[in-house]
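Scroll down for the structure; my scribbles are underneath it.
Protein chains: 4
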Amino acid sequence: MTAAPARSAERMMQRDNASEALGMTVLASEAGHSVVTMTVREDMLNGHAIAHGGLVFALADTAFAIACNDSDLVTVSAGAEITFLRPAGLGQLLTATAVLRSRSGRSGIYDVQVADADGEIVAEFRGHSRRTNTPVPA
Amino acid sequence: MTAAPARSAERMMQRDNASEALGMTVLASEAGHSVVTMTVREDMLNGHAIAHGGLVFALADTAFAIACNDSDLVTVSAGAEITFLRPAGLGQLLTATAVLRSRSGRSGIYDVQVADADGEIVAEFRGHSRRTNTPVPA
Amino acid sequence: MTAAPARSAERMMQRDNASEALGMTVLASEAGHSVVTMTVREDMLNGHAIAHGGLVFALADTAFAIACNDSDLVTVSAGAEITFLRPAGLGQLLTATAVLRSRSGRSGIYDVQVADADGEIVAEFRGHSRRTNTPVPA
Amino acid sequence: MTAAPARSAERMMQRDNASEALGMTVLASEAGHSVVTMTVREDMLNGHAIAHGGLVFALADTAFAIACNDSDLVTVSAGAEITFLRPAGLGQLLTATAVLRSRSGRSGIYDVQVADADGEIVAEFRGHSRRTNTPVPA
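The listed protein sequences derive, respectively, from chains A, B, C and D. Quick note: the first sequence, position 68, residue 72 per the working numbering, numbers continuous. Quick note: the second sequence, position 119, residue 123 per the working numbering, numbers continuous. Quick note: the third sequence, position 94, residue 98 per the working numbering, numbers continuous. Quick note: the fourth sequence, position 45, residue 49 per the working numbering, numbers continuous.
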């Protein structure tokens with residue numbers, strides 16, 4: 005009996021230094037759906053003493069990358085929009101949940117919600133994916 | 005003879021742990037205009053071995069924050085859109101240039117272009133600022 | 005016995021010349037949810053012989069306005085993003101469905117999906133609302 | 005002596021029923037740059053008695069289409085973001101100015117500013133174009 009081969013998103017995440025350096029944990033990794041967490045550390049605070057918007061974006065972007073890399077071809081982010089609804093302070097556990105919204109040919113739209121430990125929404129992110137012709141390395 | 009008091013954006017940057025941890029350097033800091041650089045490190049690569057989109061976003065977001073914090077009241081990001089045009093690899097020096105585009109009351113729109121060392125555009129970012137009633141701490 | 009007073013969104017729609025001129029029909033009008041239809045007419049085609057993106061946007065924007073005008077204070081659109089997934093040709097019946105996604109203070113985010121008669125998605129729209137202090141006229 | 009052949013954007017505009025029905029006038033039509041005007045008519049007002057956001061978007065979108073259709077292959081809008089800065093009332097002459105911002109392969113980013121007759125900015129629009137393989141008809 006052999007284990008199922010790792011999904012391309014999982015192979016991709018094993019090489020993702022940035023998400024690892026930011027302390028992200030992948031709780032769910034499926035085609036079209038993912039959940040990723042990150043705790044706001046001291047070195048993630050901006051000059052207003054709240055989580056830097058770029059790092060909140062990074063969390064959502066990782067969740068998006070996991071949800072959209074559902075084939076053996078590399079899928080990249082063409083862009084994204086983010087709205088910041090509530091600041092997140094030091095020590096907050098943030099959870100990003102990504103869901104596929106629409107697909108059309110090589111393009112996809114994914115919505116990612118970032119919430120804090122109380123379930124309050126910190127940010128809403130919409131990512132635009134584009135599947136390339138490059139195979140995901142083994 | 006006394007030096008001019010630090011602009012609120014400069015006071016803000018002195019406390020910005022995240023931008024410091026990401027190795028950002030501020031080359032220009034004026035109301036409505038800023039230039040910030042960052043070199044893509046090993047711990048900034050994603051699973052496709054290019055700079056993680058969140059960290060490219062973080063660079064643009066810091067440039068945006070410097071350009072829009074031009075009063076003694078804290079100005080925050082309400083959101084942003086980013087388009088990724090070209091991947092940036094390990095060791096690339098990225099330069100983000102932020103420029104005020106439009107203002108209306110408490111709201112502002114800033115455009116940030118992120119280019120690599122060859123002047124090729126890596127990303128285009130548009131940030132939406134909102135001035136709060138909170139004073140910037142001394 | 006008296007009828008329930010018209011919701012502010014309904015009073016607003018009675019004065020909406022533009023939506024009427026574009027032949028829109030409101031099928032559902034509730035706080036946080038609306039459905040509006042429009043048929044693509046000859047005078048709505050652009051130079052590529054498909055529905056002009058502005059008019060697809062207008063349909064989504066009207067659905068958004070109905071869903072977000074849920075108080076006696078005027079709520080306006082601060083902006084929106086739209087992604088065009090599929091062209092719509094002459095005679096197509098388009099249906100826009102708006103749903104509240106998130107709220108925070110005076111700000112709201114609404115998602116609007118525009119589909120054709122076959123249920124294929126023509127466009128995805130995300131609107132950002134802002135409640136003003138102006139009362140909706142009777 | 006023969007006149008220069010019409011640019012593909014001009015051939016496209018000759019067939020654009022929607023822009024004509026909305027009374028748009030093209031003042032400049034070049035690759036990467038265009039200027040289009042529209043006067044806010046009674047049938048363009050929304051329920052708050054200001055220009056319907058969809059029609060302000062339509063004006064910007066037409067300016068964008070003219071600026072980006074600079075080859076003999078049809079270039080379409082993949083999507084756009086718009087920020088509404090100031091309402092426009094009945095009779096206002098609106099001017100949309102489109103400028104190419106960045107290109108990368110088949111993709112382009114164009115910024116369109118919509119101003120009123122006093123030069124006040126009504127809306128900022130950013131359009132994302134994509135060149136197809138379909139030739140523009142003669």
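Quick reminder that beta carbons are idealized off the backbone N, C-alpha and C, glycines included.
So, is residue i buried or exposed, given that buried needs 16 or more other C-beta atoms within 10 angstroms?
| i | result |
| --- | --- |
| GLN96 (chain D) | buried |
| GLN117 (chain C) | buried |
| PRO9 (chain C) | Unreliable positioning characterises PRO9 (chain C) in this predicted model, as indicated by a pLDDT of 49, which lies under 50. A coordinate reading is not provided. |
| THR138 (chain D) | exposed |
| ASP122 (chain C) | exposed |
| ALA32 (chain C) | exposed |
| ALA142 (chain A) | exposed |
| THR29 (chain B) | exposed |
| THR136 (chain D) | exposed |
Compare the Cα-Cα distances from residue i to each of the options and report the closest residue.
| i | options | result |
| --- | --- | --- |
| ASP47 (chain B) | B:ARG134, B:ALA127, B:ALA100 and B:GLY93 | B:GLY93 |
| GLU128 (chain D) | B:THR138, B:VAL118, B:SER108 and B:ALA121 | B:SER108 |
| ARG110 (chain D) | D:GLY123, D:ARG130 and D:VAL80 | D:VAL80 |
| GLY143 (chain C) | D:VAL140, D:GLY83, D:PRO141 and D:TYR114 | It is not possible to answer for residue 143 (chain C), since the shown part of chain C is limited to 5 through 142. |
| ALA36 (chain C) | C:GLY131, C:ILE86 and C:ASN50 | Reading the sequence as shown, one finds Gly at residue 36 (chain C) and not Ala. The candidate whose alpha carbon is nearest that of GLY36 (chain C) is C:GLY131. |
| ALA53 (chain A) | B:ARG134, B:ASP20, B:ALA100 and B:SER106 | B:ASP20 |
| THR43 (chain A) | A:ARG135, A:GLU34, A:LEU26 and A:ASN50 | A:LEU26 |
| VAL103 (chain A) | A:GLU85, A:GLU34 and A:GLU24 | A:GLU34 |
| GLU24 (chain A) | B:GLN18, B:GLU24 and B:HIS56 | B:HIS56 |
How close, in whole Å, do the beta carbons of residue i and residue j come, if the pair is a contact with beta carbons under 8 Å?
| i | j | result |
| --- | --- | --- |
| SER38 (chain A) | ALA71 (chain A) | 4 Å |
| SER12 (chain C) | ASP65 (chain C) | Going by Cβ atoms, the distance from SER12 (chain C) to ASP65 (chain C) rounds to 17 Å, so no, they are not a contact pair. |
| ASN50 (chain B) | ALA22 (chain A) | 5 Å |
Here's a check: name, in chain order, each residue in its chain whose Cβ is nearer than 8 Å to the Cβ of residue i, leaving out the five neighbours to either side.
| i | result |
| --- | --- |
| ILE125 (chain A) | LEU89, ARG90, GLN117, VAL118 and ALA119 |
| SER133 (chain C) | PHE68, CYS72, THR79, VAL80, SER81, ALA82, SER111, GLY112, ILE113 and TYR114 |
| THR6 (chain C) | Its pLDDT being 47, under 50, THR6 (chain C) is placed unreliably by the model, and the measurement read from it follows with that caveat. Nothing listed; no residue qualifies. |
Go through its chain and collect everything with a Cβ distance to residue i's Cβ below 6 Å, but skip five positions before and after it.
| i | result |
| --- | --- |
| ASN73 (chain C) | SER12, ALA13, MET16 and THR79 |
| THR99 (chain D) | THR41 and ALA119 |
| THR101 (chain B) | VAL39 and GLN117 |
| GLN18 (chain C) | none |
| SER106 (chain B) | ILE113 |
| ILE86 (chain D) | PHE61, ALA127 and PHE129 |
| ARG45 (chain A) | none |
Across which residues does DSSP place residue i in a beta bridge pair?
| i | result |
| --- | --- |
| VAL39 (chain C) | C:ALA32 and C:THR101 |
| ILE86 (chain D) | C:ALA84 and D:PHE129 |
| ARG45 (chain C) | Paired residue(s): none; ARG45 (chain C) is not in a bridge. |
| PRO139 (chain A) | A:LEU77 |
| ILE70 (chain D) | Answer is none; ILE70 (chain D) lacks a bridge partner. |
| ALA55 (chain B) | B:LEU49 |
| VAL118 (chain B) | B:ALA100 and B:ALA127 |
| ARG107 (chain B) | B:GLY112 |
| ARG134 (chain A) | A:VAL80 and A:SER111 |
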